[in-house]
Amino acid sequence: KVIGESGAADCVLPASLFKEVPINTTGAKVGRDYTAADGEHIANMGVRTLIGNTSEGSRRSIAFEVAEVTRPLASLSKIVKAGHRIVLEGSGGYIENTVSKERTAMYLENEVYVFDLYVDIPASQGFPRQGAKQ
438 KVIGESGAAD CVLPASLFKE VPINTTGAKV GRDYTAADGE HIANMGVRTL
488 IGNTSEGSRR SIAFEVAEVT RPLASLSKIV KAGHRIVLEG SGGYIENTVS
538 KERTAMYLEN EVYVFDLYVD IPASQGFPRQ GAKQ
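Count the sequence shown with this note's numbering and you get residues 438 to 571, in order.
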């Protein structure tokens with residue numbers, strides 16, 4: 438579950454999630470601090486690009502900055518700048534690609550809008566495939 442966040446400058450992911458996906462530590466924002474709502478400073482550790490499917494079955498790739506946050510946050514302003522529009526209404530809404538018109542459903546959970554992303558986890562590099570010659 439990813440929280441759609443209107444106050445986030447970047448899409449941010451907890452460092453503890455999806456450790457199988459490598460972190461790119463060469464980005465321009467690495468080492469910079471974010472300021473949390475409570476004023477705490479949180480260091481940017483790099484970028485993890487997650488690839489997966491939405492609830493509707495559409496493929497998505499989202500580059501998340503990695504930091505010590507508690508839940509995945511998707512910056513709604515970044516989503517809009519990437520060519521989408523966001524409609525929030527009542528207990529739900531959607532993110533719509535302005536070109537393809539594909540929609541990703543959003544729903545209210547604990548009074549925040551969220552969407553689902555089912556992430557592809559890379560296979561372990563050191564584990565041989567069953568029946569493979571070693």
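Note that beta-carbon positions come from the ideal geometry of N, C-alpha and C, so glycine has one too.
Treat the numbers as computed from the prediction; the structure is a model and nothing was measured.
For Leu-545, the enclosing beta strand (DSSP E) begins and ends at 540–546.
Of the other Cβ atoms in all chains shown, fewer than 16 fall within 10 Å of the Cβ of Ala-519; this residue is therefore exposed. In the structure shown, the three-state DSSP call for Leu-513 is helix. Residue pairing for Arg-508: DSSP places it in no beta bridge. The residues Val-449, Pro-451 and Ile-479, in chain order, have a CB closer than 7 angstroms to that of Val-506 in the same chain once the five nearest residues on each side in sequence are set aside.
With distances taken between CA atoms, Arg-496 lies nearest to Asn-534 out of Gly-529, Ala-474, Asn-534 and Leu-545. In this structure, the alpha-carbon of Pro-509 lies about 22 angstroms from that of Glu-539. Burial is judged here by how many other beta carbons sit within 10 angstroms of a residue's own beta carbon; Arg-485 has at least 16 and is buried.
Per the DSSP secondary-structure output, Asp-470 pairs in a beta bridge with Ala-480. In this structure the region 522–537 does not touch the region 461–474; the number of beta carbon pairs closer than 8 angstroms is below three.
Bridge partners of Gly-444 according to DSSP: none are assigned.
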